[in-house]
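K.L.:
This is the structure I want to talk about, given as structure tokens.
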Amino acid sequence: MHMGDALISATVGGTFWAVSGASLAGASRRLRREGDESRVPLMGVLGAFVFAVQMVNFAIPGTGSSGHLVGALMLAALLGPPAALLVMGSVLLVQALFFADGGLLAFGCNLFNMGILPIFVAFPLLYAPLARRGRPGLGALLAAGVGMELGALAVSLETVASGLTGLSFRAFLLALLPIHLPIGLVEGVATALVLRFVARARPGLLVPRPEPIGRRVLGTILGAAVLVAGLLSWIASRQPDGLAWATARVAPALGAAPGAALHRLAAGIQQRTAFLPDYALPGPDVNLLRQRSGTSLAGLLGGAVTLLLVATVGWLLARRRASPPEA
Amino acid sequence: MASLADALLDLREMDRLARLDTPIHRLEPRAKVLATALFLAVLASFGPREVSSLLPLALFPVALAALGGIPFALVVRKVALGLPFILVLGAFLPWLERMPALQVGPLVLSAGWLAYGSLLARGILAMATATVLVAATGFGEMCAALDRLGAPRAFSQQLLFLHRYLFLVGEEAERARQARALRAAGRPLSAREFGPFAGHLLIRSWERAERVHLALCARGFEGTLPKRVQGRFRRREWTFLLGWATFFILCRWRPLPVLLGSLLPGGAP
Amino acid sequence: MSHHLLDVRDLRHAYPDGTLALDGPTFTLHHGEAVALVGANGAGKSTLLKHLNGSLRPTAGEVRVGELPVHPGTLAQIRRTVGMVFQDPDDMLFMPTVLEDVAFGPRNQGFPVGEADARALEALQQVGAAHLAAKAPYHLSMGEKRRCALAAVLAMAPDILVLDEPSTGLDPRGRRLLVDLLRAFTHTRVLATHDLDLALRLCPRTLVLHRGRLVADGPTREILADRARMEAWELEAWPPEG
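For the record, the sequence lines run as chains A, B and C.
Quick note: the first sequence uses this note's numbering, first residue 7, plus one each step.
Quick note: the second sequence uses this note's numbering, first residue -2, plus one each step.
Quick note: the third sequence uses this note's numbering, first residue 813, plus one each step.
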């Protein structure tokens, strides 16, 4: 689910950097107010733990495939939401910097999809109440499933609003939501298994009773969701090129496909919820397209020459560095 | 990402490169972070079907890698890790956008192919630049730069601790994985084993954190790490930052390759 | 200043699950003494050490450092006086470079950056690790890490050095370097160790803990050679027979 920089536009990247940056700042302030300095090394070490455990695959029974833990939900259960967000943010940044796993410009999007949504939406709304009623396993399953689907939804929105892949929102949802449902359930099962083991082996570690979510927090979450959706639709409506056009192209193609019923259902849901209505607008803007892509042979030739020049400059610089002039 | 062992090796290699002493390494880290941010913003601001006009931007990662002694092979390897994802996601484009956009002799390229090319170019440039940035700066320096650029203190501190314990916890996990694999006769880790496996690692990590905290307190720690000493923004840094900024803006507003191409024989439209 | 430096009186510590880890050890250390603390696994060595710098609070009894009782109000002063070298140096070293890490303690003591760095460098020279100053802690060998962790504590100029299993994980040469280094110090030293040879080389006096009780306090050579009693404390006599 890590998004790369190739997929997002500057506007979308910037918007989500702002959202995620503000959340990180808020979480930091909250932590400082609580003033528990014993958390500082714990968060660092648990970040390393999440990083390592994400790379430990385990077999999913009956499927022949394997899955792994993502960890946001587990961090929230172990550390509480604000600290969990900081840890998740640090893990994502390390992955982006060292492993080209998720982009730097896309960091805001990725933290939103894989951190804020599971930690500040799925955890307090689903896991916390169920865990308080003594059903942490069910809570983990539901929260992870819903968190993952929300993340997939957000990926679709962000990619489509960026308008660089040409795929429609609908096509994205049809592709991403079904894939992420099992991933989410696996995440839920893995989280529940780890938490259960820890609860038995070291009962003192888990936050005994996750505090109930306050009205204010709930209001903030809903407000932020509306704001983000609004921003995205605004961005989308300003970039008809690529979006609306692709929707018009994809719609008939998908309609003819065997999954037409599913598609109609999805379309129906989309119309009823009227989410980003702009996406359904038909009518390719061919002129605009011509203008934008009206690069000629000159562009192609020039591109080749540019690359050649860049490579030469790089080679010369590297050579000069390798044999420094006499001092 | 491949395996944990490979990831750890990679981390060590990047750390080793970060300790080189080159003109790029000597630059104050904030200059590099800001220039990279600007680079990514400019890169992302190009339209969806622009390919050739993106290419001059390649000078930034190439020049940094060349001057910073970062092996091109490492950059290529990192980019290759992230590329399949973009290849798959963009694969629909040529099929979706079929209208002709560019004719080269008998070959007609559709708008979709251009968009696909643009996507790949963006991906390659962005990943290459991120790799070069961290290899030529070092993670600790980058944390300090983020801190000074106004990142929340708790976050930059978290990054520092995370980087420190990546190696220890990662190696612990890798040893545990190997120890299990040696006795497992090729059977993959089952979901039922995963709970205790990860849970064990978690408890050990937690206990380590408790010891680290005790050790910190024994040396007078009270919740925040002391600020790191850092260089200042001198003429060198300003020249670097403003020079690249000018170049990026030039790339954004003037399609350099098109101009270049039209000078070539047969290139005129 | 009093003639004794560290005073432990009838110290008791019960863990939350009810285990009595320390059951009344009482002893006094004098200036410049080097004392070994030995005992089988689970005898309470680490628990005792954690009381010496106030990392744990006693269930009953008292620890005094010089004139100061160890309690939350005196922790800052106590930690200036008592330097603790942890068993695993990876638990101590965390800053991006060794120099920054060794300067961490002095900076928390309120020294400005330049002064803290000078103290750090001096401490690194003392342990023969000045050449490691610019390195990252996680790229060091075990022996190097141990010396840096020791420097991290020395840089705070403590009167008392408390070392938990200082020879674990060292190769023979690394261990010999450590012995030479510790022998040269004039600090009051407390060493918790399973390495009885190390105890014999460094510490004229030994304390033996057995199931939370202090069962012996006397000359190292005599105690370690007493086969019958060592056996009873679940320890092996040293030097070994034959």
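The C-beta atom is built at its ideal place from N, Cα and C for all residues, glycine as well.
Any heavy atom of the ligand PLP closer than 6 Å to the CB of residue 186 (chain B)?
P.N.:
The model depicted lacks the ligand PLP and carries no ligand whatsoever.
K.L.:
Assign residue 14 (chain A) to buried or exposed, taking buried as 16 or more other Cβ atoms, counted over all protein chains shown, within 10 Å of its Cβ.
P.N.:
Residue 14 (chain A) is buried by the Cβ-count criterion.
K.L.:
Can you find a CB in chain B that lies within less than 7 Å of the CB of residue 288 (chain A)?
P.N.:
Caution applies to residue 288 (chain A), whose pLDDT of 33 falls short of 50 and renders its modelled position unreliable; the value that the coordinates give is listed next. Output row for residue 288 (chain A): interface = no.
K.L.:
Using a beta-carbon distance cut-off of less than 7 Å, what residues from the region 118 to 142 of chain B approach chain C?
P.N.:
If the cut-off is 7 Å between Cβ atoms, the region 118 to 142 of chain B has 137 near chain C.
K.L.:
Are the C-beta of residue 109 (chain A) and some C-beta of chain B separated by less than 7 Å?
P.N.:
At least one chain B Cβ lies under 7 Å of residue 109 (chain A).
K.L.:
Quick check on DSSP: helix, strand or coil for residue 972 (chain C)?
P.N.:
strand
K.L.:
Do the region 951 to 958 of chain C and the region 912 to 929 of chain C meet, that is, are 3 or more Cβ pairs less than 8 Å apart?
P.N.:
no
K.L.:
Spatial neighbours of residue 86 (chain B) within its chain, please: C-beta separation below 8 Å, excluding the five flanking residues on both sides.
P.N.:
116
K.L.:
Does the distance from the C-beta atom of residue 44 (chain A) to that of residue 118 (chain A) stay below 7 Å?
P.N.:
no
K.L.:
Alpha carbon to alpha carbon, what distance is there between residue 20 (chain A) and residue 242 (chain B)?
P.N.:
18 Å
K.L.:
Interface residues of chain C around residue 12 (chain B) at Cβ under 9 Å?
P.N.:
948, 950 and 951
K.L.:
By the three-class DSSP mapping on this structure, what secondary structure does residue 19 (chain B) have?
P.N.:
coil
K.L.:
Between residue 48 (chain A) and residue 966 (chain C), what straight-line distance do the alpha-carbon atoms span, to the nearest angstrom?
P.N.:
26 Å
K.L.:
Can you tell which of B:211, B:252 and B:207 has its C-alpha closest to the C-alpha of residue 895 (chain C)?
P.N.:
B:211
K.L.:
Under 7 Å, do residue 891 (chain C) and residue 865 (chain C) count as touching if we go by C-beta distance?
P.N.:
yes
K.L.:
To be precise: take each residue of the region 903 to 914 of chain C, compare its Cβ to all Cβ atoms of chain F, and keep it if any distance is under 9 Å. Which residues remain?
P.N.:
Chain labels in this structure do not include chain F; the protein chains are A, B and C.
K.L.:
Distance cutoff 7 Å, beta carbons only. Does residue 853 (chain C) sit that close to anything in chain B?
P.N.:
So no, residue 853 (chain C) is outside the interface.
K.L.:
Check whether the Cβ atoms of residue 855 (chain C) and residue 1018 (chain C) sit closer than 7 Å, and answer yes or no.
P.N.:
no
K.L.:
Alpha carbon to alpha carbon, how far is residue 1000 (chain C) from residue 824 (chain C)?
P.N.:
In a straight line, the C-alpha of residue 1000 (chain C) is about 23 Å away from that of residue 824 (chain C).
K.L.:
Can you check whether the C-beta of residue 145 (chain B) is within less than 7 Å of a C-beta belonging to chain C?
P.N.:
no
K.L.:
Flag this pair as yes or no: are the beta carbons of residue 50 (chain B) and residue 252 (chain B) separated by less than 7 Å?
P.N.:
yes
K.L.:
When the cut-off is 7 Å and only beta carbons count, does residue 898 (chain C) lie next to chain B?
P.N.:
yes
K.L.:
Could you work out which residues of chain A lie near residue 56 (chain B), taking near to mean beta carbons separated by less than 7 Å?
P.N.:
Within chain A, the C-beta atoms nearer than 7 Å to that of residue 56 (chain B) come from 316 and 319, in chain order.
K.L.:
So, are the CB atoms of residue 90 (chain A) and residue 103 (chain A) less than 7 Å apart?
P.N.:
Note that the C-beta distance between residue 90 (chain A) and residue 103 (chain A) is not below 7 Å.
K.L.:
Using the three-state DSSP reduction, which class does residue 1030 (chain C) fall into: helix, strand or coil?
P.N.:
strand
K.L.:
Return the CA-CA distance between residue 151 (chain A) and residue 79 (chain A), expressed in angstroms with no decimal places.
P.N.:
For residue 151 (chain A) and residue 79 (chain A), the distance between alpha carbons rounds to 11 Å.
K.L.:
So who's on the other strand from residue 874 (chain C), going by DSSP bridges?
P.N.:
C:821
K.L.:
Quick check on the burial criterion: 16 or more other C-beta atoms within 10 angstroms. Buried or exposed for residue 247 (chain B)?
P.N.:
exposed
K.L.:
Can a CB atom of chain A be found closer than 7 Å to the CB of residue 187 (chain B)?
P.N.:
yes
K.L.:
So with CB distances below 9 Å, who are the chain A contacts of residue 244 (chain B)?
P.N.:
Going along chain A, no residue has its Cβ under 9 Å from residue 244 (chain B), so there is no contact; the nearest lies around 12 Å.
K.L.:
For the structure I just gave you, are there three or more beta carbon pairs, one from the region 152 to 164 of chain A and one from the region 89 to 104 of chain B, closer than 8 Å?
P.N.:
Of all C-beta pairs linking the region 152 to 164 of chain A to the region 89 to 104 of chain B, fewer than three are shorter than 8 Å, placing the two stretches out of contact.
K.L.:
On the criterion of 16 or more Cβ atoms from any shown chain inside 10 Å, does residue 1011 (chain C) qualify as buried, or is it exposed?
P.N.:
Buried: at least 16 other Cβ atoms inside 10 Å.
K.L.:
What residue range does the alpha helix (DSSP H) around residue 896 (chain C) cover?
P.N.:
From DSSP, residue 896 (chain C) is part of no alpha helix (DSSP H) but of the beta strand (DSSP E) over 894 to 897.
K.L.:
Span of the beta strand (DSSP E) holding residue 40 (chain B)?
P.N.:
Counting along the chain, residue 40 (chain B) falls outside any beta strand (DSSP E), though it belongs to the alpha helix (DSSP H) covering 26 to 41.
K.L.:
Which of the three DSSP states, helix, strand or coil, is assigned to residue 267 (chain B)?
P.N.:
No answer is possible for residue 267 (chain B): it lies beyond the span of chain B, which begins at -2 and ends at 266.
K.L.:
What are the boundary residues of the beta strand (DSSP E) that residue 833 (chain C) is part of?
P.N.:
Taken as a continuous stretch (DSSP letters only), the beta strand (DSSP E) holding residue 833 (chain C) covers 832 to 835.
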